Each structure stands twice: as structure tokens, then as C-alpha cells.
Amino acid sequence: MQNIITDYLKKRACHGGWPLAGETRGQPCSCAVVIPALAEHACLFDTLFALTASSSAAVASTQVIIVINNRKPPHAAADDIADNTRTLEALKQCAAQHVFAPLRLAWADAASPGCELPEKEGVGLARKIGGDHALRLFAAAGKPGAPIVHLDADSPPAPGYLDAILAFYASGAQWGGYAAYQHPTDAATRQGRVMIAYEIYLRYHELSLQYAGSPYAYPALGSVMSSAARAYAAAGGMNRRCAGEDFYFMQQLVKTGVLRQIPHALVYPSGRQSQRTPFGTGRAVTAGNNDAHVFASLFHPESYEVLRRWLALAAEAITLPGGAVLDRAAGIHPELVRLLEKRGFTKAWERIAVNHPEPANRLRQFHVWFDGLRAIQLVHHLRDTAFPNVSASEAIAALSARLESDKTIRLRALYQKIAPYVSRPRR
Numbered sequence: 000m001q002n003i004i005t006d007y008l009k010k011r012a013c014h015g016g017w018p019l020a021g022e023t024r025g026q027p028c029s030c031a032v033v034i035p036a037l038a039e040h041a042c043l044f045d046t047l048f049a050l051t052a053s054s055s056a057a058v059a060s061t062q063v064i065i066v067i068n069n070r071k072p073p074h075a076a077a078d079d080i081a082d083n084t085r086t087l088e089a090l091k092q093c094a095a096q097h098v099f100a101p102l103r104l105a106w107a108d109a110a111s112p113g114c115e116l117p118e119k120e121g122v123g124l125a126r127k128i129g130g131d132h133a134l135r136l137f138a139a140a141g142k143p144g145a146p147i148v149h150l151d152a153d154s155p156p157a158p159g160y161l162d163a164i165l166a167f168y169a170s171g172a173q174w175g176g177y178a179a180y181q182h183p184t185d186a187a188t189r190q191g192r193v194m195i196a197y198e199i200y201l202r203y204h205e206l207s208l209q210y211a212g213s214p215y216a217y218p219a220l221g222s223v224m225s226s227a228a229r230a231y232a233a234a235g236g237m238n239r240r241c242a243g244e245d246f247y248f249m250q251q252l253v254k255t256g257v258l259r260q261i262p263h264a265l266v267y268p269s270g271r272q273s274q275r276t277p278f279g280t281g282r283a284v285t286a287g288n289n290d291a292h293v294f295a296s297l298f299h300p301e302s303y304e305v306l307r308r309w310l311a312l313a314a315e316a317i318t319l320p321g322g323a324v325l326d327r328a329a330g331i332h333p334e335l336v337r338l339l340e341k342r343g344f345t346k347a348w349e350r351i352a353v354n355h356p357e358p359a360n361r362l363r364q365f366h367v368w369f370d371g372l373r374a375i376q377l378v379h380h381l382r383d384t385a386f387p388n389v390s391a392s393e394a395i396a397a398l399s400a401r402l403e404s405d406k407t408i409r410l411r412a413l414y415q416k417i418a419p420y421v422s423r424p425r426r
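Numbering (numbering that gives the first Met the number 0), first residue to last: 0 to 426.
Structure follows, in C-alpha cells:
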């Protein structure tokens, strides 16, 4: 496994152009927290203080790596560049005065003139720079099982967060994990209601994937994900997408190992509006504030039922030829077959069968092919061709009848906060 890390650092790492400043020396750390920051002066330092609300031992063994980033003008706003300059100066002062001690504070400058991110890069590259630096530190310390944790500058963790992270990865056997999350849930304002509705969408989709038996049932939020150093390298490191980098990185963790929820780790993502990425939480809040109907509906529960039956069929028919599997899939829904044919299912199935003759390995490789992206593509296809979205209340009631758990109870409670304000979906 050390060879995977070494090979990654030689061939795929990109941190060299953005060296670390601040504190990285001393005893090897046991945990690294990577925080990308673009115009986050107002939020970052509260998040750093929140990280110190763990045991002294946990805080002292944690290395924070902040990546202050922006593109060159005119591809970055002047106000954002000025904010980043203030943040860099504040970080230098905090480090000199040991404001967050015993937390180890380091940063990479990807914002100052000559250091900026390339024109078409964004948060994905910023996370990758930090993750690659963390991997280098753990490689030098001989700690392939140590966690590389990802936070957002506006997403402070709850007290005890670092203790929970270190306890989860203490055995050295864990591959990847994700924290619980809770957005602001004040229904008194429109923005608060939109944020609640967005969290309902995230939780509904995650729980529906869980019901369907998909291994990709996780919250795709950059502020909750983490992995062991060796898993980070095996997954190919952080991808460089300007949005969706969290979804694809977590998907790679599932494809290469196992992703589990971390007990007692909780993060509070921001509910603010943002235009910094093409999609994601900030964009969703902005869209919701501009369109009263955006979150009035959810994917039809029957779409996830089709997904559940399809995944069950794949497991049952793992030794059958691809054509026979498609014939049986037609009994689930004809639109399922149309999508599978469009995605080249038969060739993929036969290729998997040739390369992986043992049924258990074959099934695992099927899930590598029919991944989280293909699952959501199926749900979207069924929405457009067979099962239009339904009201949030109807969707949540159906899910609760199928999957009763503490999480569905919380989902219903969240919906009750905004139910008086939710208009019916447009048909």
C-alpha cells in the first residue's frame, strides 16, 4: 500500500507549485484537515476555533491545511481577491501568536499574484492541493492509515469532532468515512426554509438509495468527507472539478473500498447563498430563493423501487449472459432497459464476466460500473419518461413506509418545519 502512495506522489500530486507556510514540523501528526477558502475571512476563523473544541490530545495531533485560492483577474472578483489577501495576513498573525494552539496551522497560497489557480480551475484543485500536501506528510511519517479530512471554511464542526475522527480511524483499518451534517433549520426566513428544503432533498435521495440497496448511499457534501491516506491515493486523489468534486471523490472511495458514517462526528454546513461554483449548496439556496417551486417536489418513490429491483436482479442473475439479464430487466420497467441499452450495458456486463469469473468479484465490479452517477441518471431518466416528481409530502410518506429509521423520522420532522410554506409542484 505504501507503493500506491509513493506512486501517487510521484505521478499525480500537484501540490509542489503551492508550498505550505505556517507550522508543519515537530512530531508527526495523526490527522490532517484540509480547508479550501475563497473569500472566507468572515467564516474561516470561527471554523478553526470550532476545531479546537476537542480534547487537547486530539487538537495537538491535528494538522490543518488551508488553501487560500482564487483565479487571476478578470476571472476572480476584486472583492474576493481582497478578502483572500486579508485572510492570508490574518493567518500569518494567528500563527505567530499561536492563536489556535495546540492546533497546527498551515496554509498554501493559491491566491497572491503569480500563485493563482489556472483560469478553469476551482475548488476541486484547491482541495487536491491540500490533500496532496497531507498525503506527503503522512507518507513521510509512515502513517498510511491516518485520516485526511475535508471541511469547508463556512462549515464548523460540533464539539468533539476531532476525537470522533481519530477514534474512527484509530485501528488503521478504515478506508473512508463521512460525518453527519445539519444545515441551519430556521423556518422563519425564506432562505432558512429553502435551506431546510435542500437538506430534505439531500436526505431523501440518500435514504432512497439506501432503500434501493445502492452502495453509493452517502451525502455528497465536501464538508463531511474523509479517507485514510492510502485510500486517498488509491482513489486517485481529489479530482479537479470546479463542482461535484465531493460526489466523485466519495464515489471513488466506494469503488476502491468501503465508505462508512463516522459515529459522533457532526458538521454544520452553511446555508448562505453563493455563486462560486456551478452547482452545490450555495447555488441551490440561491435558486430556491429565486423560484418558489424549486423544492416543492422530490423524485418519485417508484423510481427508487425500479432501482431497487434492478440492483437485486443484477445480484441474482450475476452468472447469466447480458442479453438474458436485459430480458428480465424488461419485466421491471421498459425504460430501465432503454437506459441500460443507451449506456452499453451488454458489452459492459460481458466484459465484467470475462475479467471476473468469481461471482462475488463480478458483482463488485458491476457496482463499479453501475455507480452512483448511473443510479442518479436512471432516476432522472425515469422522472422524464415514466415517473414525474411528486410532492415532497407524498415522497417522504412513501419512503417512511418503506424504510423506518431515525433518519426518516428526522426527515419527516424537517418537512413539518416548512410544510405550511410549500406550494404544490407544477404538473
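Note that beta-carbon positions come from the ideal geometry of N, C-alpha and C, so glycine has one too.
None of the values given here were measured: they were computed from a predicted structure.
Beta strand (DSSP E) segment containing residue i, residue limits
{"i": "Pro146", "result": "Pro146 to His149"}
Per DSSP, the bridge partner or partners of residue i
{"i": "Ala105", "result": "Gly21 and Ile64"}
{"i": "Arg70", "result": "Leu116"}
{"i": "Ser390", "result": "Ser296"}
{"i": "Leu258", "result": "Gly175"}
{"i": "Val33", "result": "Ile64 and His149"}
{"i": "Val305", "result": "According to DSSP, Val305 bridges with nothing at all."}
{"i": "Val266", "result": "Pro156 and Tyr180"}
Range covered by the alpha helix (DSSP H) that runs through residue i
{"i": "Lys416", "result": "Asp405 to Ile417"}
{"i": "Leu136", "result": "Val122 to Ala140"}
{"i": "Glu349", "result": "Phe344 to Asn354"}
{"i": "Thr318", "result": "Per DSSP, Thr318 belongs to no alpha helix (DSSP H) and is neither H nor E."}
{"i": "Tyr420", "result": "Element bounds for Tyr420: n/a, residue is neither H nor E."}
{"i": "His439", "result": "A query on residue 439 cannot be resolved here, the shown segment of the chain reaching from 0 to 426 and no further."}
{"i": "Asn2", "result": "Gln1 to Lys10"}
{"i": "Gly236", "result": "Careful: Gly236 lies outside any alpha helix (DSSP H) and carries neither H nor E."}
{"i": "Pro143", "result": "Segment: none, Pro143 is in no alpha helix (DSSP H) and carries neither H nor E."}
{"i": "Val58", "result": "Ser55 to Ala59"}
{"i": "Glu39", "result": "Careful: Glu39 lies outside any alpha helix (DSSP H) and carries neither H nor E."}
{"i": "Val336", "result": "Pro333 to Lys341"}
{"i": "Thr86", "result": "Ala77 to Gln96"}
{"i": "Thr51", "result": "Segment: none, Thr51 is in no alpha helix (DSSP H) and carries neither H nor E."}
{"i": "Ala374", "result": "Gly371 to Thr384"}
8 Å contact criterion, which residue i and residue j should meet: CB distance rounded
{"i": "Ile67", "j": "Gly176", "result": "Going by Cβ atoms, the distance from Ile67 to Gly176 rounds to 26 Å, so no, they are not a contact pair."}
{"i": "Tyr197", "j": "Asp370", "result": "The pair is not a contact, with the Cβ atoms about 23 Å apart (cut-off 8 Å)."}
{"i": "Ala110", "j": "Glu22", "result": "Their Cβ separation, rounded to whole angstroms, is 20 Å, which puts Ala110 and Glu22 out of contact at 8 Å."}
{"i": "Ile147", "j": "Ser222", "result": "About 14 Å separates the two Cβ atoms, so there is no contact after all."}
{"i": "Ala465", "j": "Pro158", "result": "Because the chain in this structure spans residues 0 to 426, residue 465 falls outside the shown range and cannot be described."}
{"i": "Ala152", "j": "Leu43", "result": "4 Å"}
{"i": "Asp115", "j": "Asn69", "result": "For the sequence presented, residue 115 should be read as Glu rather than Asp. Rounded, the Cβ-Cβ distance is 6 Å, consistent with contact."}
{"i": "Arg382", "j": "Met237", "result": "Wrong, their Cβ atoms sit about 30 Å apart, outside the cutoff."}
{"i": "Val63", "j": "Leu102", "result": "6 Å"}
{"i": "Val389", "j": "Leu258", "result": "Their Cβ separation, rounded to whole angstroms, is 29 Å, which puts Val389 and Leu258 out of contact at 8 Å."}
{"i": "Gly212", "j": "Leu310", "result": "5 Å"}
{"i": "Cys241", "j": "Glu357", "result": "Incorrect: roughly 39 Å between the Cβ atoms, too far for contact."}
Problem - beta strand (DSSP E) segments (min. 3 residues) lying fully within the segment 145-231 - result: 146-149, 175-180 and 224-227
Exercise for the section: Answer yes if the segment 72-86 comes into contact with the segment 23-37, meaning at least three C-beta pairs across the two stretches below 8 Å, and no otherwise. Expected result: yes
Problem - Three CB pairs or more closer than 8 Å across the segment 155-169 and the segment 129-136 - result: no
Problem - Touching by the beta-carbon criterion (3+ pairs, under 8 Å), the segment 2-15 and the segment 219-232 - result: Contact between the segment 2-15 and the segment 219-232 is present: three or more C-beta pairs spanning the two stretches fall below 8 Å.
Practice task
Check whether the segment 348-360 touches the segment 318-326, taking contact to mean three or more Cβ pairs, one atom from each stretch, closer than 8 Å.
Solution key: Contact between the segment 348-360 and the segment 318-326 is present, because at least three Cβ pairs lie under 8 Å.
Exercise for the section: Spell out a yes or no on whether the segment 39-56 and the segment 69-77 are touching, meaning 3 or more CB-CB pairs, one atom from each, closer than 8 Å. Expected result: Counting C-beta pairs closer than 8 Å gives fewer than three between the segment 39-56 and the segment 69-77, which falls short of the contact rule.
Practice task
Flag this pair as touching only if the segment 238-251 and the segment 198-213 have three or more C-beta atom pairs under 8 Å; answer yes or no.
Solution key: no
Problem - Segment contact flag, the segment 404-418 with the segment 180-200, C-beta cutoff 8 Å, min 3 pairs - result: yes
Problem - At least 3 beta-carbon pairs within less than 8 Å: the segment 338-349 vs the segment 395-409 - result: no
Practice task
Inspect the CB distances between the segment 371-380 and the segment 293-310 and report whether three or more fall short of 8 Å.
Solution key: yes
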